[in-house]
Amino acid sequence: MLRLSELRVDLDHTDEDLEQAVLRCLRVPRERLISQHLVKRSIDARRRDRIRVIYSVDVNVRGEKALLRRRASDRRIRLAPDERYRFVAHASSRQNGEDLARPVVIGAGPCGYFAALLLAQMGFRPLLLERGQPVKQRSLDTFGFWRRTSDFQPESNAQFGEGGAGTFSDGKLYSQVSDPVHYGRKVLEELVECGANRDILTLHRPHIGTFKLATVVRGLRSKIEALGGEVRFGARVDRLVLEPSGSDHGKPWRIRALQLADGSELACSQVVLAPGHSARDTFAMLEETGVALERKPFAIGVRIEHPQSLIDRARWGDCAGHPLLGAAEYKLVHHASNGRCVYSFCMCPGGFVVGATSEPGRVVTNGMSQHSRNERNANSGLVMPVLDADLIPHERWSGDPLAGLTFQRQLESTAFRLGGEDYSAPVQRLEDFVAARPSTRLGTVDPSYQPGVTPTDLADLLPEAMVEALREALPAFDTKLSGYGHPDAVLTGVETRTSSPLRIPRDAQLESLNVFGLTPAGEGAGFAGGILSAAIDGIRAAEAVALRLLATTASASTES
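Okay, so the sequence shown: first residue is 43 according to the working numbering, each after it adds one.
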């Protein structure tokens, strides 16, 4: 089978047009073509007056080998890669006559769920511990908080609970991580089996959407349980119980048990730690326990909202509204004169800005979209990398790995105060922000943030250098995307949870640098950024744990 790429056709093309593009690329008559299968579809909108659709297609063609030799110089034609996933190990409940230790996964976000799923598929019967609630209860708690029909729940919210932070998001499924062995394909196929739309297999920038995600995570849980795994909710891990590892492992400590919030202790020897980027109490516990931690770059900023119709016109021109295009996205970057970089982050077409705090007395924003992306506003983060100089006032000592958490909390507490101390978010009209005057009212753009908003001056929230950079970036973005500088566009603060502010470093075997049996993984551990990359890292973590378990059991069997 051959894979053809860069097949360009007009926006209003037919199936026949695509087939003709395939034949032109191959330079063969129609009778040589046996079959064709869509692999990927993307949009080229560099020219608004001639938007093109770009396809990748797998084809079966008569005389394939000769054709491939003849067209060897054409980069658009190559052998279709084998994207099938292959398990690295398999084990029954007893291996070589010995009871096989049950691996434990902490955290039911995309990383934890895929680590548990892969371990279950390999026969290891994992135990998955999640501090929050199942997605049905979690949705009731989260939407109740947003609608002010119920109180904020510190253990069941937009950050904590089944599915992780990605459950209340746009559900983006694209990543820039290197994936030479096609783990991403494995992730997408599993998501489709659990209820995601099949188009995520072919769209260049696929997304699931919030409500679909709730169905998908329930499907993942059911698969894990059907394979002998177990998922426990309301099971927060409060302490790692470590013991000296001895000289065999080359690390000072090893996992002996986990202490849960209810006081119980769970014996274990292999743990995938996938806590998510907002498990601040977990990070503090890890530092107190002695697990190696280090700082990691992250960014903070605000959310911005425009009418989606404005973004559609700016990106698609007269083609706005075409069914193949959908709601338009954008990606913007500006390097300010003071050295700061401002960039769009987690752009959510046709979505909402939502309350994403995980701690009482703090305001955090995030973006969310349904699969249809048909709400009135487009929103995106406008964020800036945090520099070491920003963290100096928040350090306990030079290089303090938790300084980023302290900085985040300070910003979120200030946002809570500026919003009126009732979880309303501080907002400002774009024109007012650029002109350095507080907003006393809003204009034609109706903010979508729930639980509510309070017009104010966001210069009182962000560091001065970031305010200066953002004021410079907004007019610059208007020159790149017409209408972006709309005076009534709404800025909402504060966006702090772009990624984890620290990393739990690991070695080549994905194991903690100083704790044998601890495998940090996913976004919270500092090794992913988004649903797809976190799920991929979960697969890699599961493989590492499986091989370690089999090696440990084989060694014990040999010694006996």
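Yeah, the Cβ is synthetic: ideal placement off N, Cα and C, and Gly gets one too. Everything numeric in this text was worked out from a predicted model, so none of it was measured.
Pairwise C-alpha distance: residue j and residue i
i: PHE458; j: SER490; result: 17 Å
i: PRO365; j: TRP358; result: 12 Å
i: GLU371; j: CYS390; result: 7 Å
i: ARG74; j: LEU109; result: 11 Å
i: ASP502; j: GLY461; result: 12 Å
i: LEU367; j: SER411; result: 16 Å
i: ILE573; j: PRO71; result: 43 Å
i: MET327; j: SER351; result: 47 Å
i: VAL234; j: PHE129; result: 19 Å
i: GLU401; j: GLY203; result: 14 Å
i: ALA158; j: LEU552; result: 16 Å
i: ARG45; j: LEU171; result: 42 Å
i: VAL406; j: THR538; result: 7 Å
i: ILE297; j: PRO505; result: 41 Å
i: PRO248; j: ARG240; result: 10 Å
i: ARG548; j: VAL64; result: 46 Å
i: ALA208; j: LYS254; result: The question names Ala, yet the displayed sequence has Gly at residue 208. Their backbone Cα atoms lie some 12 Å apart in a straight line.
i: VAL509; j: VAL101; result: 53 Å
i: GLN312; j: SER575; result: 22 Å
i: ARG112; j: ILE96; result: 24 Å
i: ALA133; j: GLY270; result: 12 Å
i: PHE519; j: ARG83; result: 27 Å
i: LYS178; j: ALA256; result: 8 Å
i: HIS528; j: VAL476; result: 11 Å
Nearest-angstrom beta carbon gap, residue j and residue i [assumed within contact, 8 Å]
i: GLY423; j: LEU433; result: With a Cβ gap of about 20 Å, GLY423 and LEU433 do not count as contacting.
i: CYS383; j: MET426; result: 6 Å
i: CYS431; j: VAL487; result: Per the sequence shown, the amino acid found at residue 431 is Ala instead of Cys. The pair is not a contact, with the Cβ atoms about 34 Å apart (cut-off 8 Å).
i: VAL396; j: PHE210; result: 6 Å
i: GLU463; j: VAL536; result: Not quite, the Cβ-Cβ distance comes to about 15 Å (not below 8 Å), so this is no contact.
i: PHE194; j: PHE185; result: 12 Å between Cβ atoms; not a contact.
i: ILE618; j: ALA567; result: Because the chain here runs from 43 to 602, residue 618 falls outside it and cannot be looked at.
i: ARG190; j: PRO493; result: 5 Å
i: SER524; j: ALA378; result: With 8 Å as the limit, SER524 and ALA378 do not qualify as a contact, their Cβ atoms being about 21 Å apart.
Short CB-CB distance (under 7 Å) between residue i and chain B
i: HIS364; result: In summary, chain B is missing from the structure at hand, where a single protein chain is found.
Chain-order list of residues whose beta-carbon lies under 7 Å from that of residue i (same chain, five-residue window excluded)
i: GLN470; result: SER481, PRO497, THR498, ASP499, LEU500, LEU533
i: ALA577; result: PRO152, CYS153, PHE156, VAL229
i: VAL344; result: LEU424, LEU500, LEU533, THR534, GLY535, VAL536, GLU537
i: ARG180; result: GLY174, SER198, GLY203, GLU204
Local Cβ density within 10 Å of residue i, reported as buried at 16 or more and exposed below that
i: SER192; result: exposed
i: GLY517; result: The amino acid at residue 517 is misidentified as Gly; the sequence shows Pro. By the 10 Å Cβ count, PRO517 comes out exposed.
i: GLN78; result: buried
i: ILE76; result: exposed
i: GLU58; result: exposed
i: GLY403; result: exposed
i: PRO222; result: exposed
i: ASP474; result: buried
i: GLU140; result: Unreliable positioning characterises GLU140 in this predicted model, as indicated by a pLDDT of 46, which lies under 50. A coordinate reading is not provided.
i: VAL375; result: exposed
i: SER264; result: exposed
i: ALA550; result: exposed
i: TRP439; result: exposed
N- and C-terminal bounds of the beta strand (DSSP E) containing residue i
i: GLU437; result: GLU437 -> no beta strand (DSSP E), and no H or E assigned at all.
i: ALA299; result: 295-302
i: GLY535; result: 532-537
i: PHE387; result: 383-390
i: TYR526; result: Taken as a continuous stretch (DSSP letters only), TYR526 belongs to no beta strand (DSSP E), as it is neither H nor E.
i: ARG83; result: 75-86
i: VAL147; result: 146-148
i: TYR97; result: 94-103
i: GLU172; result: 169-172
i: VAL273; result: 272-275
For residue i, the first and last residue of its enclosing alpha helix (DSSP H)
i: ARG415; result: Segment: none, ARG415 is in no alpha helix (DSSP H) and carries neither H nor E.
i: ARG357; result: 350-358
i: ILE266; result: 252-268
i: THR448; result: 445-460
i: ASP183; result: 177-188
i: MET327; result: 322-331
i: TYR155; result: 152-163
i: GLN62; result: 57-68
i: ASP474; result: 472-476
i: LEU53; result: Careful: LEU53 lies outside any alpha helix (DSSP H) and carries neither H nor E.
Near the ligand PLP: residue i beta-carbon under 6 Å from a heavy atom
i: LYS82; result: Among the ligands in the structure shown, none appear at all, so the ligand PLP cannot be discussed.
Cutoff 6 Å; reference residue i; Cβ partners in own chain excluding five residues on either side
i: ASP354; result: ALA362, ALA370
i: GLU48; result: ARG118
i: LEU282; result: THR331
i: GLU307; result: ALA299, GLN301
i: PHE275; result: GLU172, GLN175, PRO176
Cutoff 8 Å; reference residue i; Cβ partners in own chain excluding five residues on either side
i: GLY393; result: ASP212, GLY409, MET410, SER411, GLN412, ARG415, GLU417, ASN419, ALA420, ASN421, SER490
i: MET43; result: ASP100, VAL101, ASN102, GLU106, LEU121, ALA122
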